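Be aware that the sequence shown starts at 1, since it is given in full-length UniProt numbering, and climbs by one per residue.
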Amino acid sequence: MGLHWGAGPLQALLPEEQWSRIQSVQVDPNEPTAEQDALNFLNGQSGEAMASIPARYFYRLRRRKLRALMEQGLDIRYGKRLQNIQYSADGKHATAIFEDGSSIVARIIVGADGARSTTRRVLLGPSRGEVRRLPYCATFVQAQYSAERARYLRQFHPLYIAGINPAGYFSFLGLHDATDRERPETWTFFFYISWHSSLQEQRETAGWGNAQRLAQVKKFAKTYTDPWKSAFEWLPDDQQVWYMGLSDFDPRDPSHRWDNHGGRVTLAGDAAHAMTYQRGQGLNHSITDAANLVEAVRRIVSGEATQADAIKEYEDEMIARAGSEVGLSTVNTAMLHDWHKVLQSPVMTSGMQRSTEIKAN
Ligand SMILES: Cc1cc2nc3c(=O)[nH]c(=O)nc-3n(C[C@H](O)[C@H](O)[C@H](O)COP(=O)(O)OP(=O)(O)OC[C@H]3O[C@@H](n4cnc5c(N)ncnc54)[C@H](O)[C@@H]3O)c2cc1C
């Protein structure tokens, strides 16, 4: 995941000793994060340069390694799946009930359980709490190659590159893991192609297996130039791929407003604001939510604010900030898959800037 403007809030959340190791959880720990970098966009068919989006301190983080860095010193119970929430009559506590029958009584429950959040569905009901499915989907690959091929694919950019294909496809190719600099055959690349696909088409192909998905994305890749053309062509026929429809959840929609029970329950991250990923904003907002929640809890504990007020203020700011990005990211996704509108898309006109700053400019 790309962390850029959210790096400041993450640094503020972590003890200095942990932040000092942020480099070690990058996809390539040997490649120091440059102060000034750029995300380059190519015409996926011709290979011509289309745009170079400036990025300051663009960290490329490995999810698993980042989690391992951050979990130190925390009491985390893995394998617990939230099922329901109950509230005490005195207005002071909430109880998280898990699928294994166990429970935890807390002063506050923060549902940070991702885009398909159970907490959100518990708060809003199964229908209002559901994500909105969008007419776009993508097929993802993680793959390794021979040393020679891996070196060739990395020539286009050491870390990441985006491609826009006039046929209506968007694509990304990045490094997932290159811990061992000297052995390119151990490097893992991560790449995908996304495209417009009606909800009906998504329903009709829901039963497709791996072989069909791989064949479909390989066919799309034939319309590409390198690095995508070769990256897909070189995949074996049994290569595992992941297919996923795109979706969003805009917390600004009045029907999406949840009752926080006097500040005893709230949402953060994708659970509160699932967004499409082509503008690379979700993690940056999620980390910002965490930093703001910590501040809210500090004010509650110190007695500066009541729990109801502090959590309401957190939610109001988060809903406006991240909600505007949900809307912008969905517009961005639609434009990136329409060749005539690509150059007017938010990522082309405003890069990876925060949506609230784009409006202010
Ligand atoms: C392909 C792709 C590329 C992306 N690239 C970028 C990028 O470059 N930059 C960027 O800023 N963002 C990016 N994002 C978005 C980013 O990944 C998310 O915004 C971010 O991971 C959200 O973090 P989260 O903790 O809210 O949710 P998640 O990372 O989804 O974590 C949710 C956690 O909750 C757990 N969980 C789920 N249900 C339950 C339950 N019932 N009980 C208990 N636990 C549960 C899950 O197991 C998971 O561990 C990308 C997303 C995708 C899909």
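Glycine included, C-beta positions come from ideal geometry on N, C-alpha and C. These numbers were taken from a predicted model, which means no experiment stands behind them.
Practice task
For the alpha helix (DSSP H) holding Ser324, just list the boundary residues, first then last.
Solution key: As a first step, residue 324 is located in the sequence shown; it is residue number 324 there, counting from the start. Its alpha helix (DSSP H) spans residues 307-336.
Problem - Secondary structure of Asn361, DSSP reduced to three states - result: To locate residue 361, count along the sequence shown from 1; it is residue 361. The predicted position of Asn361 is uncertain, since its pLDDT is 49 and thus under 50; a value taken from the coordinates is nonetheless stated next. Residue state, collapsed to three classes: coil.
Exercise for the section: Taking the CB atoms as reference points, tell me whether Ala89 and His261 lie closer together than 8 angstroms. Expected result: To locate residue 89, count along the sequence shown from 1; it is residue 89. To locate residue 261, count along the sequence shown from 1; it is residue 261. Going by C-beta atoms, Ala89 is not nearer than 8 angstroms to His261.
Handout entry: Contact under 8 angstroms by Cβ, Asp28 with Leu175
Key = By one-based count along the sequence shown, residue 28 stands at place 28. By one-based count along the sequence shown, residue 175 stands at place 175. Contact: yes.
Practice task
Counting only the same chain and skipping the five closest in sequence on each side, list residues whose C-beta sits under 7 angstroms from that of Ile319.
Solution key: Counting from one through the sequence shown, the residue named residue 319 turns up at place 319. So the list reads Pro251, Arg252, once near-sequence residues are dropped.
Exercise for the section: Would you mind working out which of Arg107, Lys92, Thr118 sits nearest Phe98, comparing C-alpha positions? Expected result: Here residue 98 is taken as the residue at index 98 of the sequence shown, counted from 1. Of the candidates Arg107, Lys92, Thr118, the one whose C-alpha sits nearest the C-alpha of Phe98 is Thr118.
Exercise for the section: Can you grab the Cα-Cα spacing for the pair Gln239 / Ser324, in whole Å? Expected result: What you label residue 239 is simply residue 239 of the sequence shown in a count that begins at 1. What you label residue 324 is simply residue 324 of the sequence shown in a count that begins at 1. Near 38 angstroms, if we compare the C-alpha coordinates of Ser324 and Gln239.
Handout entry: Arg354 CB to nearest heavy atom of ligand 1 below 7 angstroms
Key = What you label residue 354 is simply residue 354 of the sequence shown in a count that begins at 1. False, no ligand heavy atom lies under 7 angstroms from that Cβ.
Problem - Exposure label - Pro32; buried when at least 16 CB within 10 Å - result: Locating residue 32 in the sequence shown gives position 32, counting from the first residue. Looking at its Cβ environment, which holds fewer than 16 other Cβ atoms inside 10 Å, Pro32 is exposed.
Practice task
Please confirm whether Ala112 and Ala268 have their CB atoms less than 8 angstroms apart.
Solution key: For the purposes of this step, residue 112 is identified with residue 112 of the sequence shown, where counting begins at 1. For the purposes of this step, residue 268 is identified with residue 268 of the sequence shown, where counting begins at 1. Yes, the Cβ-Cβ distance between Ala112 and Ala268 is below 8 angstroms.
Problem - Spatial distance of Glu148 from Pro254 (CA atoms) - result: Translated into the one-based positions of the sequence shown, residue 148 becomes position 148. Translated into the one-based positions of the sequence shown, residue 254 becomes position 254. When rounded, the distance between both Cα atoms is 54 angstroms.
Exercise for the section: Please determine if the region 131-148 and the region 190-204 are in contact, where contact requires at least 3 C-beta pairs separated by less than 8 angstroms. Expected result: yes
Handout entry: Burial state of Asn361 (16 or more Cβ within 10 Å)
Key = Reading the sequence shown from its first residue, position 361 is the one you call residue 361. A caution first: Asn361 carries a pLDDT of 49, below 50, which makes its placement in the model too unreliable to give a value.
Practice task
Along the beta strand (DSSP E) that carries Asp177, what are the first and last residues, could you check?
Solution key: The residue labelled residue 177 in the question sits at position 177 within the sequence shown. 169-177 is the extent of the beta strand (DSSP E) around Asp177.
Practice task
Decide if the region 64-75 is in contact with the region 9-27; the criterion is three or more beta carbon pairs, one per stretch, under 8 angstroms apart.
Solution key: yes
Problem - Straight-line gap, Val141 to Val297 (C-alpha atoms, nearest Å) - result: Here residue 141 is taken as the residue at index 141 of the sequence shown, counted from 1. Here residue 297 is taken as the residue at index 297 of the sequence shown, counted from 1. Between Val141 and Val297, the C-alpha separation is close to 40 angstroms.
Handout entry: Backbone secondary structure at Ile193 - three-state DSSP
Key = Working through the sequence shown from its first residue, we reach residue 193 at position 193. Reduced to three states, the DSSP call for Ile193 is strand.
Problem - Rounded separation between Tyr160 and Pro236 - CA only - result: Taking the first residue of the sequence shown as 1, we reach residue 160 at position 160. Taking the first residue of the sequence shown as 1, we reach residue 236 at position 236. Approximately 23 angstroms between the Cα atoms of the pair.
Handout entry: Range of the contiguous beta strand (DSSP E) that encloses Val265
Key = Taking the sequence shown and counting its residues from 1, one reaches residue 265 at position 265. Residues 265-267.
Practice task
Mind the definition here: the region 284-291 touches the region 331-339 only if three or more C-beta pairs lie below 8 angstroms; say whether that holds.
Solution key: no
Exercise for the section: Evaluate Tyr224 with the Cβ neighbour count: other Cβ atoms within 10 Å of its Cβ, from every protein chain shown; 16 or more gives buried, anything less gives exposed. Expected result: Counting from one through the sequence shown, the residue named residue 224 turns up at place 224. Looking at its Cβ environment, which holds 16 or more other Cβ atoms inside 10 Å, Tyr224 is buried.
Practice task
Would you identify the three-state DSSP class for Met70, choosing helix, strand or coil?
Solution key: As a position in the sequence shown, residue 70 is number 70, starting the count at 1. In this structure, Met70 counts as helix in the three-state DSSP scheme.
Exercise for the section: Name, in chain order, the residues that DSSP records as bridge partners for Phe220. Expected result: Taking the sequence shown and counting its residues from 1, the one referred to as residue 220 is at position 220. Note: Phe220 sits in no beta bridge, so no partner.
Problem - Host alpha helix (DSSP H) of Ser286 (start-end) - result: If you number the sequence shown from 1, residue 286 lands on position 286. Here the alpha helix (DSSP H) through Ser286 covers 282-302.
Handout entry: Assigned exposure category for Val301 - 16 Cβ within 10 Å defines buried
Key = On the sequence shown, position 301 is the one that residue 301 refers to. Classification of Val301: exposed, given that the 10 Å Cβ count is below 16.
Exercise for the section: Within 10 angstroms of the Cβ of Gly101, are there 16 or more other Cβ atoms? Answer buried if so, exposed if not. Expected result: The sequence position of residue 101 within the sequence shown is 101, counting from 1. The residue in question, Gly101, is exposed, as its Cβ has fewer than 16 Cβ neighbours within 10 Å.
Problem - Beta-carbon proximity list for Leu293, same chain, < 7 angstroms, skipping 5 on both sides - result: Counted from its first residue, the sequence shown places residue 293 at position 293. Hits under 7 angstroms: Val110, Ala268, Tyr314.
Problem - ligand 1 heavy atom lying under 7 angstroms from the CB of Leu283 - result: For the purposes of this step, residue 283 is identified with residue 283 of the sequence shown, where counting begins at 1. Indeed, a heavy atom of ligand 1 lies less than 7 angstroms from the Cβ.
Practice task
Kindly examine ligand 2 and report whether one of its heavy atoms sits closer than 7 angstroms to the Cβ of Ala115.
Solution key: In terms of ligand content, the structure shown lacks ligand 2 and carries ligand 1 instead.
Exercise for the section: May I ask which residues mark the beginning and end of the alpha helix (DSSP H) holding Met348? Expected result: The residue given as residue 348 occupies position 348 in the sequence shown. Residues 346-350.
Problem - CA nearest to the CA of Gln23, picked from Trp339, Ala178, Ala274 - result: Locating residue 23 in the sequence shown gives position 23, counting from the first residue. Of Trp339, Ala178, Ala274, the residue nearest in Cα terms is Ala178.
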